[in-house]
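Student: The opening position of the sequence shown corresponds to residue 344 in the numbering used here, with each subsequent residue numbered one higher. Before we start, here is the structure in question, set down as C-alpha cells.
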Amino acid sequence: MIDFKHIDAASTEHALSVLAQYGQGARLLAGGQDLLFRIKKYIVKPECVINLKTIPGLNYIHSNPRDNLRIGALTTLSAIAHSAALQQSYTVLAQAASVVASPQIRNMGTLGGNICQDVWCWYLQDGFSCWKSGGKFCDLAGGDSRYYGSIMGGHLCLSNHPSDTAVALAALDARIHVTSPRGHRVAAICDFLPGHTWVDGRLQSHSLPSDEIVTEIEIPFRPTRSAYVKFALRKSWDFAIASVAVSAVIEGGMWDDGRIVLGGIATSPYRSREAEDLLRNQPMSEGLATAAADAALQQAKPLKMNGYKVDLSRTLVRRALMALVE
Ligand SMILES: Cc1cc2nc3c(=O)[nH]c(=O)nc-3n(C[C@H](O)[C@H](O)[C@H](O)COP(=O)(O)OP(=O)(O)OC[C@H]3O[C@@H](n4cnc5c(N)ncnc54)[C@H](O)[C@@H]3O)c2cc1C
Ligand code: SF4
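As C-alpha cells, then:
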C-alpha cells in the first residue's frame, strides 16, 4: 500500500477546504469498500484521503408520507435495506440495497459511495493499459466481456456501471445534491451518471468534478409500486450480470407514469422509454410484459462474448413487470 495522508473531516466545509488544498491528489472516503480496494491495487494513488464518516449529520433517512424522501449520502446500504418505510413505499431501493455484495459490505458501504464507485472491469484491476488508466485502448472491447461489458455501446470505456442502487434510483427519478466551493447544486440521476465521461482529466463513471461532495439523495414523492430483480453468478458477494428496476403508478389495474431501468448491461443505468411507452395506460399482462421486454432490448449491440445478456435481460424485464401486479 502507498503512503498517504489521512484526514478526518469535521464538516463538509472542512472536507471541501482539504479537497481544494490537494486538488487531484485527494480522494474522498466513505465506507471504503471501493476506494481502499483501488488503493491496494495501485489503481488510485492519492496523496491525501479525506474521511467523510467523521462529518456529523450526513447519515439519515427522512421519510414522511406524501413528501419527498431524503437520504444522507453517508447512510449505509444496510440501513436502507432494513428501513421499513423504504421497504413499503420505495421497495425498489430497499430491494436493490439488500442485494448489494454481502452483509459486511452493506454494513460499511454508503449510498453516496455506491453511486460514485468506479467500474470493476478486470482489465483495469489487473493492470492492463486502458483508457481509464491513461492508455489509449480498451482491452475489454475485443477481449473477455462476459461479465463487465456493456451491451449498449459506450464512449471509450465499455465497462458496465456496477451499482445496484443507481438503477433503482433512476427508476425513482432521484436527484443528487452536491456541495462545492461554488455552492449547492442538484443533478438528476441520469445527468449525474451519463456514462463514462471526462471530468478534470479523468475518465469517470460519474460526472462529479473532483472538488465536489455528494451530500444527499432526494426522491420525489410518487405513489408508485416498484420492484428490483437481479441476476448474478453467485447469490452473495457479486455484481449484477443484469438487473432491472421498475416503478409505476398502478390504478384500476392500469400502468401509468412508469419507469423501466436496466442495470449491469450499459455504462450507466439504462432507461427504456420504448418499453415505457408500450405500457402507458395499459393493463399489465404476460403478453404486454413480453412485448415491453423485447422493446427494452431493441437497441442492444452486444460485444463478442456477452450476447447472452440480451435474452437474460429480457427475462428480467418480464419478471420485474409481473412482480408489480402479482
Ligand atoms: C466483493 C465486492 C462485491 C461487490 N458487489 C457489489 C454489488 O453486488 N452491487 C453493488 O452495487 N456494488 C457492489 N460492490 C461495490 C460496493 O458496494 C461499493 O464499493 C460500495 O457500496 C461503495 O460504498 P462506500 O461507501 O464503501 O464507498 P467508498 O469506497 O468510500 O467510495 C467509493 C467512491 O465514491 C467516492 N465517494 C464516496 N462518498 C462520496 C461522496 N459523499 N461524495 C463524493 N464522492 C464520494 C469515493 O471518493 C470513491 O471514489 C462490491 C464490492 C466488493 C468489494
Ligand atoms: S472497459 Fe474501461 S476499464 Fe475496462 S479495459 Fe476498457 S477502458 Fe479499461
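For glycine and all other residues, C-beta sits at the position ideal for the given N, C-alpha and C. Just so you know, these numbers come straight off a predicted model, no measurement behind them.
1) Specify, as a first and last residue, the run of the beta strand (DSSP E) that Q547 falls within.
2) Under three-state DSSP, which class holds S354?
3) Just how far apart, CA to CA, sit W541 and S550?
4) Taking its Cβ as the centre, do 16 or more other Cβ atoms sit within 10 Å of Y385, making it buried, or is it exposed?
5) With a CB to CB cut of under 7 Å and the five nearest residues on each side skipped, what residues in its chain are close to W580?
6) In terms of alpha-carbon separation, which member of E629, L401, H504 lies closest to D461?
7) Taking Cβ positions, are A634 and V589 nearer each other than 8 Å?
8) Quick one: Cα of Y651 to Cα of S586, how far?
9) Given 7 Å as the limit, tell me if K644 has its C-beta closer than that to any heavy atom belonging to ligand 2.
10) Can you check DSSP and say which residues form a bridge with M597?
11) Assess, as a yes-or-no matter, whether the region 546-560 is touched by the region 507-526 under the definition of 3 or more beta carbon pairs within less than 8 Å.
12) Is F574 helix, strand or coil when you go by DSSP?
13) Mark H539 as exposed unless 16 or more other C-beta atoms lie within 10 angstroms of its C-beta, in which case mark it buried.
14) Who pairs with V392 in a beta bridge, going by DSSP?
15) In the DSSP output, what is W541 paired with across the bridge?
16) Considering only heavy atoms of ligand 2, list every residue whose Cβ is less than 5 Å from one of them, following chain order.
17) Where do the ends of the alpha helix (DSSP H) carrying A530 lie?
18) With a CB to CB cut of under 7 Å and the five nearest residues on each side skipped, what residues in its chain are close to S441?
19) Using beta-carbon positions only, say whether I393 and A369 come within less than 8 Å of one another.
20) Under three-state DSSP, which class holds G415?
21) Counting beta carbon pairs with one atom in the region 638-655 and one in the region 487-505, are three or more of them shorter than 8 Å?
22) So what's T522 in DSSP terms, helix, strand or just coil?
23) Can you name the residues that DSSP bridges to T453?
24) Is R577 near ligand 1, going by C-beta to nearest heavy atom under 7 Å?
25) Nearest by alpha-carbon distance to C459: which of I532, K396, R528 is it?
26) Using the three-state DSSP reduction, which class does E669 fall into: helix, strand or coil?
27) From the DSSP output, in three-state form, read off A295 for me.
28) How about L362: is its Cβ closer than 7 Å to a heavy atom in ligand 1?
Tutor: In brief:
1) 545-547
2) coil
3) 8 Å
4) exposed
5) A444, S445
6) H504
7) no
8) 14 Å
9) no
10) E594, P626
11) yes
12) strand
13) buried
14) H349, R370
15) L546
16) C464, Y466, L467, C473, W474, K475, C481, D482, L483, C500, L501, S502
17) Per DSSP, A530 belongs to no alpha helix (DSSP H); it is in the beta strand (DSSP E), 526-531.
18) A424
19) yes
20) strand
21) yes
22) strand
23) T419
24) no
25) I532
26) coil
27) Nothing can be reported for residue 295: it is not among the residues displayed for the chain, which extend from 344 to 669.
28) no
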